[in-house]
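The block underneath contains the structure these notes are about, expressed in structure tokens.
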Amino acid sequence: MDVLHSTSPDQIPSLTATDLRSRFLIEDLFLQDQVRAVYSHQDRVVLAGAVPASGPVTLPTFPELRAEHFFERREGGIINVGGVGTVTVDGETYALKHASCLYIGRGARDVTFASDDDGEPARFYLFSAPAHTTYPTTLVEAGNGTVRELGDQATSNRRTLNQYIHENGVRSCQIVMGVTTLHPGSMWNTMPAHTHDRRMEAYLYFDLPEDARVVHLMGEPKETRHLLAANQQAVISPSWSIHSGVGTASYSFVWAMAGENQSFDDMDAVAITELL
Numbered sequence: 000m001d002v003l004h005s006t007s008p009d010q011i012p013s014l015t016a017t018d019l020r021s022r023f024l025i026e027d028l029f030l031q032d033q034v035r036a037v038y039s040h041q042d043r044v045v046l047a048g049a050v051p052a053s054g055p056v057t058l059p060t061f062p063e064l065r066a067e068h069f070f071e072r073r074e075g076g077i078i079n080v081g082g083v084g085t086v087t088v089d090g091e092t093y094a095l096k097h098a099s100c101l102y103i104g105r106g107a108r109d110v111t112f113a114s115d116d117d118g119e120p121a122r123f124y125l126f127s128a129p130a131h132t133t134y135p136t137t138l139v140e141a142g143n144g145t146v147r148e149l150g151d152q153a154t155s156n157r158r159t160l161n162q163y164i165h166e167n168g169v170r171s172c173q174i175v176m177g178v179t180t181l182h183p184g185s186m187w188n189t190m191p192a193h194t195h196d197r198r199m200e201a202y203l204y205f206d207l208p209e210d211a212r213v214v215h216l217m218g219e220p221k222e223t224r225h226l227l228a229a230n231q232q233a234v235i236s237p238s239w240s241i242h243s244g245v246g247t248a249s250y251s252f253v254w255a256m257a258g259e260n261q262s263f264d265d266m267d268a269v270a271i272t273e274l275l
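Numbering that gives the first Met the number 0 puts the last residue of the sequence shown at 275; the count rises by one with no breaks.
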């Protein structure tokens, strides 16, 4: 498990592109037959990727958590961004197709990931945050969450947003999580950009062609920077940072938040004319 420390907004102007990437972009989250994890001091979330390519892999108890098992004091949301697979939680097996979501509540002890087809392995993305109580482990199949249509084709940001874990859906202590898919011909996500001082957020871009990139905007509204993200790379967004992006092709992304509240619409919009 790698550990990423918090960065103050007044440090951003002095950082090089390499510095920004090392602090906010996770490039190699999915490794064959491994569970790769990153612990962020932004609200103490953990981002992890699991690729059971030649057999099942088990979620380890990372020593950095100082816990008897991963979910001893945590909850998590898992979204499959690869081929069909299963997640087994304390003996109960859940089948996850592409873009389906599984919420795991605090207290779960044994978690194992497997693929239905080793030739097209599942790729499980885990977003985890501390939890103060237990909610039941719940599966939501792709397309069965709360669906919202946003944006307009005329502004290249027509997109379908599927809310899975939120205050009116699958219950959690603090995680809010879902998937947004851009329509063909649309490339902009989350525009106009916004911040929400009450929550941090992480984006995982997926279903992006290998030769395409997303130009992810970050930083304070008056001091923006950008990161070039490839397929299945994740960006950590502190609460003070905008998070928006434009791709060279259409794509999907997992958005996941943790922090002070679970109100999806609690955000501070920033008009494009106000960004510098």
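Ideal Cβ positions, reconstructed from N, Cα and C, are used throughout, including at glycine.
Using CA coordinates, which residue listed in the options is at the minimum distance from residue i?
{"i": "Asp89", "options": "Asp265, Pro220, Arg105", "result": "Arg105"}
{"i": "Pro51", "options": "Tyr93, Glu91, Thr111", "result": "Thr111"}
{"i": "Ser185", "options": "His165, Met256, Val213, Gly177", "result": "Val213"}
{"i": "Thr223", "options": "Arg72, Leu58, Ala192", "result": "Ala192"}
{"i": "Ile271", "options": "Ala248, Lys221, Phe263", "result": "Lys221"}
{"i": "Gly218", "options": "Ala229, Glu74, Leu274", "result": "Leu274"}
{"i": "Arg65", "options": "His242, Tyr38, Ala47, Ala229", "result": "Tyr38"}
{"i": "Pro264", "options": "Met176, Ala141, Asp115, Pro55", "result": "Residue identity check: residue 264 is Asp in the sequence provided, not Pro. Out of Met176, Ala141, Asp115, Pro55, Met176 has the C-alpha closest to the C-alpha of Asp264."}
{"i": "Thr6", "options": "Ala211, Ile25, Gln41, Gly75", "result": "Gln41"}
{"i": "Ala153", "options": "Trp187, Ala130, Tyr163", "result": "Trp187"}
{"i": "Tyr93", "options": "Ser127, Gly81, Thr137, Phe126", "result": "Thr137"}
{"i": "Met364", "options": "Ala228, Asp196, Leu216, Ala229", "result": "This structure gives no information on residue 364, because the portion of the chain shown stretches from 0 to 275."}
{"i": "Arg158", "options": "Ser249, Ser238, Val45", "result": "Ser249"}
{"i": "Met199", "options": "Arg170, Ala128, Ser238, Gln33", "result": "Ser238"}
{"i": "Thr247", "options": "Gln261, Leu181, Gln31", "result": "Leu181"}
{"i": "His242", "options": "Gln261, Pro208, Met190", "result": "Met190"}
{"i": "Val56", "options": "Ala121, Lys96, Phe126", "result": "Ala121"}
{"i": "Asn167", "options": "Ala49, Pro62, Gln261", "result": "Gln261"}
{"i": "Gly54", "options": "Ala130, Phe126, Asp115, Ser155", "result": "Asp115"}
{"i": "Thr194", "options": "Pro183, Asp210, Ala211, Leu216", "result": "Leu216"}
{"i": "Pro135", "options": "Leu28, Ala229, Gly75", "result": "Gly75"}
{"i": "Ser171", "options": "Pro183, Ala211, Phe126", "result": "Phe126"}
{"i": "Ile164", "options": "Ala229, Ile174, Thr85", "result": "Ile174"}
What is the rounded straight-line gap between the Cα of residue i and the Cα of residue j?
{"i": "Phe70", "j": "Arg108", "result": "6 Å"}
{"i": "Leu58", "j": "Gly244", "result": "31 Å"}
{"i": "Gln231", "j": "Ile78", "result": "12 Å"}
{"i": "Leu226", "j": "Thr132", "result": "36 Å"}
{"i": "Arg43", "j": "Gly258", "result": "9 Å"}
{"i": "Val178", "j": "Leu160", "result": "6 Å"}
{"i": "Leu3", "j": "Val45", "result": "10 Å"}
{"i": "Val34", "j": "Ala47", "result": "7 Å"}
{"i": "Ser236", "j": "Asp117", "result": "33 Å"}
{"i": "Gly142", "j": "Ser99", "result": "8 Å"}
{"i": "Ile103", "j": "Ala128", "result": "11 Å"}
{"i": "Pro208", "j": "Glu26", "result": "15 Å"}
{"i": "Leu95", "j": "Tyr124", "result": "12 Å"}
{"i": "Gln162", "j": "Leu149", "result": "13 Å"}
{"i": "Gly84", "j": "Leu28", "result": "18 Å"}
In this structure, how does DSSP classify residue i when only helix, strand and coil are distinguished?
{"i": "Glu209", "result": "coil"}
{"i": "Thr179", "result": "strand"}
{"i": "Glu119", "result": "coil"}
{"i": "Arg197", "result": "coil"}
{"i": "Arg126", "result": "The question names Arg, but residue 126 in the sequence shown is Phe. DSSP places Phe126 in strand when its eight states are reduced to three."}
{"i": "Ala16", "result": "helix"}
{"i": "Gln10", "result": "helix"}
{"i": "Glu26", "result": "coil"}
{"i": "Glu148", "result": "strand"}
{"i": "Ala153", "result": "helix"}
{"i": "Thr277", "result": "Residue numbering for the chain in the displayed model covers 0 to 275; residue 277 lies beyond these limits and cannot be assessed."}
Problem set entry | Complete runs of the beta strand (DSSP E) confined to the region 40-116 [at least 3 residues] | 45-49, 73-79, 84-88, 91-95, 100-103, 110-114, all fully within the region 40-116.
Problem set entry | Three-pair Cβ contact test at 8 Å for the region 248-264 versus the region 191-210 | Because the criterion of three Cβ pairs below 8 Å is met, the region 248-264 and the region 191-210 touch.
For this session: Write down every uninterrupted run of the beta strand (DSSP E) in the region 234-264 whose length is 3 residues or greater and which is fully enclosed by it, in chain order.
Result: 243-246, 251-258
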